[in-house]
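So the protein sequences, as listed, match chains A and B.
Each residue of the first sequence is one higher than the one before, counting from 16 in my numbering.
Each residue of the second sequence is one higher than the one before, counting from 213 in my numbering.
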Amino acid sequence: MARMKFYCDAERCIECNACVTACKNEHEVPWGVNRRRVVTIKDGQPGERSISVACMHCSDAPCQAVCPVDCFTTTADGIVIHNKDTCIGCGYCFYACPFGAPQFPSDGAFSGRGKMDKCTFCAGGPEEADNSPAEFKKYGRNRIAEGKLPLCAEMCSTKALLAGDANTIADIYRKRVVNRAASALISGSNLQKTSFQPTLVPPELEGKASATE
Amino acid sequence: MKKMEENPPQSPFFKGGGCAELRKPDRSHSLAPLLCKRRGWGRIFFLLLLCLLLFAPGGRAEEQAVAPPLPPVNVPSPGVDLWNEIRGREGTAADMGQVRTQVQGVDTGVLINTGGQEWREYRMQTLIPNAAMALGFVALAIVVFRLVRGRIPIKAGRSTHKIKRFSKLQRYVHWTTAALFVTLAITGIFILFGRYIVIPLFGPEIGGPLVYGLKRIHDFAGPLFAIALVLLVIFFMKGNMPKLLDLKWIAKGGGLFGGKHASSECYNAGEKGWYWIAAIAGAFVVVSGFVLDFPNFEQGRNFMTFYHWIHSIGAVVMMSVAMGHIYMGTIAMEGAFEAMATGYCDANWAKEHHDLWYEEVKDKAVPADSIEQASDPGVDSGKQKVV
Chain A
16 MARMKFYCDA
26 ERCIECNACV
36 TACKNEHEVP
46 WGVNRRRVVT
56 IKDGQPGERS
66 ISVACMHCSD
76 APCQAVCPVD
86 CFTTTADGIV
96 IHNKDTCIGC
106 GYCFYACPFG
116 APQFPSDGAF
126 SGRGKMDKCT
136 FCAGGPEEAD
146 NSPAEFKKYG
156 RNRIAEGKLP
166 LCAEMCSTKA
176 LLAGDANTIA
186 DIYRKRVVNR
196 AASALISGSN
206 LQKTSFQPTL
216 VPPELEGKAS
226 ATE
Chain B
213 MKKMEENPPQ
223 SPFFKGGGCA
233 ELRKPDRSHS
243 LAPLLCKRRG
253 WGRIFFLLLL
263 CLLLFAPGGR
273 AEEQAVAPPL
283 PPVNVPSPGV
293 DLWNEIRGRE
303 GTAADMGQVR
313 TQVQGVDTGV
323 LINTGGQEWR
333 EYRMQTLIPN
343 AAMALGFVAL
353 AIVVFRLVRG
363 RIPIKAGRST
373 HKIKRFSKLQ
383 RYVHWTTAAL
393 FVTLAITGIF
403 ILFGRYIVIP
413 LFGPEIGGPL
423 VYGLKRIHDF
433 AGPLFAIALV
443 LLVIFFMKGN
453 MPKLLDLKWI
463 AKGGGLFGGK
473 HASSECYNAG
483 EKGWYWIAAI
493 AGAFVVVSGF
503 VLDFPNFEQG
513 RNFMTFYHWI
523 HSIGAVVMMS
533 VAMGHIYMGT
543 IAMEGAFEAM
553 ATGYCDANWA
563 KEHHDLWYEE
573 VKDKAVPADS
583 IEQASDPGVD
593 SGKQKVV
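In structure tokens form, the structure reads like this:
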């Protein structure tokens, strides 16, 4: 079986937020819930980078570990899905998740937050028949059952967001990294020194050998 | 040569351990002509000998000494700046709030929240095992105490007279708080241990909605408990102030473990201790509970997990002590329960357990049958006398 993964290439993401919009539209998620979001670091400064983030479908998922009713399952493809019929809306997954993926449709008093909602890797829910109205209402479209990959990555205009088998994604990204290193070599390392590009020799060490220090 | 290739799985080279296995192919090639001349056990023995010689520690050190260590080159990983930013480390742009997102909401600008892992470890590795041990230990201690000490009787037998111990208001406040506390404790225990108790027992189809219902009860009973606890603290404050006498009572172990009874006033040190634990731990639990119960003020994750630490520790402390209180107040001691149930305690019970208080109030004792006849236990009862 494949091991499904998301990867967002910060060198390519242009913060168009199309992944956020496409996801919201495809799954008709409740108002106020965004299964995916784009975060920009150093906004408006040299070295600005954007990253699209959603549920990362962890191998050892913290949400799964802390859930009081054990409503999460990891599929054979490594996708972390949750059961909204079992979910009690306690918010523990929201506390534990490093990525802020679990969200709640309301933020009512007395913890009346409703059932947790998060990215399903477009794989629907655990129980209902694939793409049944009940499943769509709770979890959104089940593209995996249709043999399709998550929509956010499929429609990414710069192909910054990659989704699919971890091995394939790693291959694609490895090629990109090698190409970037090569172009940095050809054009000299002065290219974009302020950014997160790899510099061949760090400026403070230029002309020095660390063995002598 | 051919024979050597057919042999291998049982080859003695495998006895060389993990390291030797890795090096096997090279060695076998270079040694092959030598080995082929020998046969059977002799060959195996020879191979073993070779193994010992070749893979001895001394030999290995020599090999390593040949290659001089490469000088370390300090080239930072190209992603290091980016990852420092993403994790919001000190001094980075993320730390200084230069992170934006179009998705508005609680903590949406945080890419990686490292506090979540700490809280996960706390809940799964610290809280759940320790809470189970604390509650289990108290339950065990109660069972052992019962077996050793048995039921504590009124030694002098029941008297014909009773003394008023609690007012009607005090009793109502006590039982309201008690009912809410037990509700919150049971529902809280299900939220804490649900995945180990409810889900394996009932399955997710029934267990999920069951815990959901219990959690909703917990959510609404909490604020009511806050009100009840404040009233409880006010109405029971008189007589619960610590005094020097309490130290003597504690030194005697409250007379629980045999020996002479420790004298006490209206409330002994054990009762006072429970009052103050309920007041102080209760205040922590109530305040932290409000933070967790009302997520609609956009408080962040780390803020809420911090209050969850307080809430859970305070709740486990209260539940452990409450188990002792409930045992002592119900089946442990003859004459204890009726005081809070009816408001009146037996005169002899008061004499044995609260001797100093008894001396103060013995003039106000009333005959037992007059209370049973009266519809309102609060009627004037100061006329009768016990000698």
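No residue lacks a Cβ here, since even glycine has one placed at the ideal position from N, Cα and C.
As the structure is a prediction and not an experimental result, all values here were calculated from the model.
Under the Cβ criterion (8 Å, minimum of three pairs), the stretch 28-47 of chain A counts as touching the stretch 108-125 of chain A. Contact between Pro-83 of chain A and Tyr-110 of chain A is absent: CB atoms are separated by about 12 Å, not below the 8 Å threshold. Counting along the chain, the unbroken beta strand (DSSP E) around Thr-313 of chain B starts and ends at 311-313. The alpha-carbon separation between Arg-51 of chain A and Asn-182 of chain A amounts to approximately 23 Å. Around the Cβ of Glu-297 of chain B, a 10 Å sphere holds 16 or more other Cβ atoms; the residue is buried. Three or more pairs of CB atoms, one per stretch, sit closer than 8 Å, so the stretch 434-447 of chain B contacts the stretch 384-395 of chain B. Counting only the Cα atoms, Cys-28 of chain A lies some 16 Å from Cys-38 of chain A. About 4 Å separates the CB atoms of Arg-312 of chain B and Asp-58 of chain A; that is less than 8 Å, so the two are in contact. Close to chain A, meaning a Cβ-Cβ distance shorter than 8 Å, are the following residues of the stretch 491-518 of chain B: Leu-504, Asp-505, Phe-506, Pro-507, Asn-508, Glu-510, Arg-513, Met-516, Thr-517. At the C-beta level, Ala-185 of chain A and Pro-165 of chain A stay beyond 8 Å of one another. Per DSSP, the continuous alpha helix (DSSP H) segment holding Cys-167 of chain A begins and ends at 166-169. For Phe-21 of chain A, there is no enclosing alpha helix (DSSP H); the residue is part of the beta strand (DSSP E) that begins and ends at 19-23.
Rounded to whole angstroms, the separation of the alpha carbons of Leu-339 of chain B and Thr-55 of chain A is 36 Å. When beta bridges are read from the DSSP output, Cys-557 of chain B appears opposite B:Ile-375.
Between Gly-451 of chain B and Tyr-479 of chain B, the beta carbon gap of about 5 Å places them in contact (Cβ cut-off 8 Å). For Thr-135 of chain A, the CB contacts under 6 Å within the same chain, skipping 5 residues up- and downstream, are Ile-96, Tyr-154 in chain order. In terms of Cβ geometry, Cys-171 of chain A and Cys-34 of chain A form a close pair [threshold 8 Å]. In the structure shown, Pro-579 of chain B adopts extended strand secondary structure according to DSSP, grouped into three states.
Shown in chain order are the members of the stretch 328-352 of chain B whose Cβ falls below 7 Å from a Cβ of chain A: Gly-328, Gln-329, Trp-331, Arg-332, Arg-335, Met-336.
Within the stretch 127-167 of chain A, the complete alpha helix (DSSP H) segments at least 4 residues long are 148-154, listed from N- to C-terminus. Taking Asn-514 of chain B as the centre and dropping the five residues before and after it, the same chain places the C-beta of Gly-327 closer than 6 Å to its C-beta, in chain order. Contact annotation: in the stretch 19-44 of chain A, residues whose CB is within less than 9 Å of a CB in chain B are Ala-25, Glu-30, Asn-32, Val-35. Interface with chain B (8 Å Cβ-Cβ cutoff): Cys-73 of chain A is excluded.
The beta carbon of Ser-126 of chain A falls within 8 Å of a beta carbon belonging to chain B, placing the residue at that interface. Secondary structure note for Thr-89 of chain A: its beta strand (DSSP E) is the uninterrupted segment 87-89.
Runs of alpha helix (DSSP H) with 4 or more residues, each lying fully within the stretch 68-121 of chain A, are found at 77-81, 107-111, listed in chain order.
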